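Residue numbers (the numbering used here): 10 to 208. Built from N, CA and C at the ideal position, the CB exists for glycine as well. Computed from a predicted model, the values in this text were never measured in an experiment. Here the structure is laid out as C-alpha coordinates; the discussion comes afterwards.
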Amino acid sequence: MIHAVLIFNTSGIPRLTKFYTPLHQSSQTVVQKIFSLISIRPAGLCNFLDAPELEAFLGPKEDSDERWRVVYRNYATLYFVFVVDGAESELGILDLIQVFVEALDRAFENVCELDLVFHFDEVHHILAEIIQGGLVLETNVEEISNSEHLAKTASKARKDSFVSANPLALGTGVGGARNGTLPTPLGWLTDRLTGVSGR
(Lines of atoms letter the chains of each structure in order from A and count residues from 1; the text may use other names and numbers.)
(Lines give C-alpha, C1' and ligand atoms only; values in the text may rest on other atoms or scores of the structure.)
Protein backbone atom coordinates (compact mmCIF):
# COMPACT_ATOMS: atom_id res chain seq x y z
CA MET A 1 0.00 0.00 0.00
CA ILE A 2 1.09 3.55 -0.67
CA HIS A 3 1.00 5.51 2.58
CA ALA A 4 2.16 8.94 1.41
CA VAL A 5 3.00 10.89 -1.73
CA LEU A 6 5.23 13.90 -1.24
CA ILE A 7 6.85 16.40 -3.54
CA PHE A 8 9.38 18.83 -2.13
CA ASN A 9 12.16 20.92 -3.55
CA THR A 10 15.87 20.59 -2.85
CA SER A 11 15.49 22.97 0.09
CA GLY A 12 12.93 20.70 1.75
CA ILE A 13 9.91 22.95 1.13
CA PRO A 14 6.87 20.75 0.47
CA ARG A 15 4.96 21.38 -2.76
CA LEU A 16 2.53 18.47 -2.42
CA THR A 17 1.71 16.32 0.59
CA LYS A 18 -0.87 13.56 0.42
CA PHE A 19 -1.14 11.01 3.23
CA TYR A 20 -3.24 7.86 2.96
CA THR A 21 -2.46 6.75 6.52
CA PRO A 22 -3.22 8.64 9.75
CA LEU A 23 -0.19 10.40 11.18
CA HIS A 24 0.98 10.23 14.78
CA GLN A 25 2.80 13.57 14.47
CA SER A 26 2.46 16.66 12.29
CA SER A 27 2.92 16.32 8.55
CA GLN A 28 5.65 18.95 8.57
CA THR A 29 7.83 16.83 10.87
CA VAL A 30 7.29 13.80 8.62
CA VAL A 31 8.36 15.82 5.56
CA GLN A 32 11.42 17.14 7.41
CA LYS A 33 12.41 13.63 8.51
CA ILE A 34 12.03 12.19 5.01
CA PHE A 35 13.94 15.12 3.52
CA SER A 36 16.76 14.57 6.02
CA LEU A 37 16.91 10.88 5.00
CA ILE A 38 16.98 11.61 1.27
CA SER A 39 19.06 14.78 1.06
CA ILE A 40 22.17 13.19 2.61
CA ARG A 41 22.22 10.30 0.12
CA PRO A 42 24.78 10.54 -2.69
CA ALA A 43 23.44 10.57 -6.24
CA GLY A 44 24.96 7.16 -7.05
CA LEU A 45 22.84 5.23 -4.52
CA CYS A 46 19.58 3.49 -5.39
CA ASN A 47 16.32 5.41 -5.16
CA PHE A 48 14.70 3.43 -2.36
CA LEU A 49 15.60 2.83 1.25
CA ASP A 50 14.20 1.17 4.33
CA ALA A 51 13.12 3.79 6.84
CA PRO A 52 12.49 2.35 10.32
CA GLU A 53 12.79 5.95 11.56
CA LEU A 54 9.30 6.61 10.20
CA GLU A 55 7.63 4.27 12.73
CA ALA A 56 7.46 7.18 15.18
CA PHE A 57 5.46 9.17 12.61
CA LEU A 58 3.36 6.53 10.86
CA GLY A 59 3.22 3.86 13.56
CA PRO A 60 4.82 0.40 13.69
CA LYS A 61 4.00 -2.24 11.10
CA GLU A 62 2.03 -5.31 12.20
CA ASP A 63 4.69 -7.70 10.95
CA SER A 64 7.97 -7.11 12.79
CA ASP A 65 9.99 -8.07 9.68
CA GLU A 66 8.28 -5.48 7.52
CA ARG A 67 9.61 -1.91 7.36
CA TRP A 68 8.49 1.38 5.90
CA ARG A 69 10.17 2.08 2.59
CA VAL A 70 10.86 5.40 0.95
CA VAL A 71 10.98 5.38 -2.86
CA TYR A 72 12.00 8.62 -4.53
CA ARG A 73 13.24 10.24 -7.70
CA ASN A 74 14.91 13.56 -8.19
CA TYR A 75 13.87 15.63 -11.21
CA ALA A 76 15.80 18.92 -11.48
CA THR A 77 14.89 20.78 -8.26
CA LEU A 78 12.08 18.48 -7.12
CA TYR A 79 11.99 15.23 -5.17
CA PHE A 80 9.01 12.95 -5.86
CA VAL A 81 8.69 10.67 -2.82
CA PHE A 82 6.39 7.71 -2.12
CA VAL A 83 6.25 6.06 1.30
CA VAL A 84 5.19 2.43 0.90
CA ASP A 85 5.13 -0.84 2.80
CA GLY A 86 6.40 -4.26 1.78
CA ALA A 87 3.32 -5.02 -0.33
CA GLU A 88 4.53 -2.66 -3.06
CA SER A 89 7.36 -3.31 -5.49
CA GLU A 90 10.07 -0.65 -5.34
CA LEU A 91 10.63 -0.82 -9.10
CA GLY A 92 6.88 -0.61 -9.70
CA ILE A 93 6.73 2.54 -7.56
CA LEU A 94 9.66 4.06 -9.49
CA ASP A 95 7.66 3.41 -12.66
CA LEU A 96 4.58 4.96 -11.03
CA ILE A 97 6.59 8.08 -10.19
CA GLN A 98 7.58 8.28 -13.87
CA VAL A 99 3.91 7.97 -14.90
CA PHE A 100 2.96 10.75 -12.45
CA VAL A 101 5.67 13.05 -13.80
CA GLU A 102 4.68 12.33 -17.41
CA ALA A 103 1.04 13.10 -16.61
CA LEU A 104 2.11 16.38 -14.99
CA ASP A 105 4.26 17.20 -18.04
CA ARG A 106 1.30 16.67 -20.34
CA ALA A 107 -0.99 18.80 -18.19
CA PHE A 108 1.45 21.70 -17.76
CA GLU A 109 3.66 21.31 -20.85
CA ASN A 110 7.03 20.79 -19.16
CA VAL A 111 6.08 20.96 -15.48
CA CYS A 112 8.13 23.07 -13.09
CA GLU A 113 7.95 23.91 -9.40
CA LEU A 114 5.80 27.00 -9.97
CA ASP A 115 3.16 24.88 -11.73
CA LEU A 116 2.87 22.82 -8.56
CA VAL A 117 2.52 25.96 -6.44
CA PHE A 118 -0.02 27.85 -8.54
CA HIS A 119 -2.03 24.89 -9.87
CA PHE A 120 -2.07 22.64 -6.81
CA ASP A 121 -5.71 21.70 -7.39
CA GLU A 122 -4.90 20.25 -10.82
CA VAL A 123 -1.90 18.40 -9.37
CA HIS A 124 -4.15 16.83 -6.71
CA HIS A 125 -6.67 15.91 -9.41
CA ILE A 126 -3.99 14.16 -11.47
CA LEU A 127 -2.76 12.32 -8.38
CA ALA A 128 -6.33 11.27 -7.57
CA GLU A 129 -6.62 9.82 -11.09
CA ILE A 130 -3.57 7.65 -10.37
CA ILE A 131 -3.98 6.76 -6.66
CA GLN A 132 -7.06 6.47 -4.44
CA GLY A 133 -6.87 5.42 -0.81
CA GLY A 134 -3.28 4.30 -1.20
CA LEU A 135 -4.07 1.93 -4.08
CA VAL A 136 -3.02 2.41 -7.70
CA LEU A 137 -5.96 3.00 -10.04
CA GLU A 138 -4.44 3.98 -13.35
CA THR A 139 -0.97 3.78 -14.88
CA ASN A 140 -1.81 4.63 -18.49
CA VAL A 141 -0.66 8.20 -19.17
CA GLU A 142 -3.10 8.53 -22.09
CA GLU A 143 -6.10 7.72 -19.87
CA ILE A 144 -4.90 10.11 -17.16
CA SER A 145 -4.40 12.91 -19.70
CA ASN A 146 -7.83 12.32 -21.25
CA SER A 147 -9.45 12.49 -17.82
CA GLU A 148 -7.60 15.71 -17.03
CA HIS A 149 -8.71 17.21 -20.36
CA LEU A 150 -12.35 16.28 -19.63
CA ALA A 151 -12.09 17.86 -16.17
CA LYS A 152 -10.71 21.11 -17.66
CA THR A 153 -13.49 21.16 -20.27
CA ALA A 154 -16.16 20.64 -17.60
CA SER A 155 -14.64 23.37 -15.43
CA LYS A 156 -14.65 25.83 -18.35
CA ALA A 157 -18.27 24.93 -19.15
CA ARG A 158 -19.28 25.58 -15.53
CA LYS A 159 -17.56 28.98 -15.57
CA ASP A 160 -19.15 29.92 -18.90
CA SER A 161 -22.55 28.82 -17.64
CA PHE A 162 -22.19 30.95 -14.52
CA VAL A 163 -21.11 34.01 -16.49
CA SER A 164 -23.93 33.69 -19.01
CA ALA A 165 -26.55 33.17 -16.28
CA ASN A 166 -25.32 36.09 -14.17
CA PRO A 167 -25.59 39.40 -16.08
CA LEU A 168 -23.73 41.27 -13.34
CA ALA A 169 -20.69 39.02 -13.50
CA LEU A 170 -17.55 40.66 -14.77
CA GLY A 171 -15.93 39.14 -17.81
CA THR A 172 -17.24 37.57 -20.95
CA GLY A 173 -20.13 35.24 -21.51
CA VAL A 174 -20.45 32.22 -23.76
CA GLY A 175 -21.05 34.36 -26.81
CA GLY A 176 -17.77 36.27 -26.40
CA ALA A 177 -17.25 39.80 -25.20
CA ARG A 178 -20.26 41.81 -24.12
CA ASN A 179 -21.78 43.80 -26.93
CA GLY A 180 -22.61 46.81 -24.80
CA THR A 181 -26.26 46.02 -24.18
CA LEU A 182 -25.63 45.02 -20.56
CA PRO A 183 -23.05 47.25 -18.92
CA THR A 184 -20.92 45.74 -16.23
CA PRO A 185 -21.01 47.35 -12.78
CA LEU A 186 -17.43 48.51 -13.23
CA GLY A 187 -18.18 49.98 -16.66
CA TRP A 188 -21.24 51.81 -15.30
CA LEU A 189 -19.18 53.28 -12.44
CA THR A 190 -16.37 54.31 -14.80
CA ASP A 191 -18.87 56.03 -17.12
CA ARG A 192 -20.40 57.93 -14.17
CA LEU A 193 -17.01 59.08 -12.89
CA THR A 194 -15.81 60.29 -16.30
CA GLY A 195 -19.12 61.97 -17.03
CA VAL A 196 -19.97 59.77 -20.00
CA SER A 197 -23.53 58.53 -19.89
CA GLY A 198 -25.12 55.81 -21.97
CA ARG A 199 -28.45 57.65 -21.97
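Looking at the backbone, the Cα of Ala52 and that of Thr19 are separated by about 13 Å. Sixteen is the threshold: when 16 or more other Cβ atoms of the shown chains lie within 10 Å of the Cβ of Ala112, as they do, the residue is buried. Arg115: member of the alpha helix (DSSP H) spanning 99 to 117, first to last residue.
Under the 8 Å Cβ criterion, the region 126 to 137 does not count as touching the region 84 to 96, having fewer than three qualifying pairs.
Ranked by how close their Cα comes to the Cα of Ser154, the residues Ile43, His12, Ala116 have Ala116 in first place. For the pair Val150 and Gln34, the Cα-to-Cα distance works out to about 34 Å. One thing to note: Val40 has its Cβ within 8 Å of the Cβ of Thr26. Straight across, the Cα-Cα distance linking Ser156 with Gly204 is about 50 Å. Straight across, the Cα-Cα distance linking Ile11 with Thr162 is about 30 Å. When the Cα atoms are used, Leu63 and Ala137 turn out to be separated by approximately 24 Å. By the neighbour-count criterion, in which 16 or more other beta carbons inside 10 Å mark a residue as buried, Leu105 falls on the buried side.
The beta carbon of Val126 lies closer than 7 Å to those of Arg24 in the same chain, with the five residues before and after it left out. In the three-state reduction of the DSSP assignment, Ile135 falls in the helix class, which pools H, G and I.
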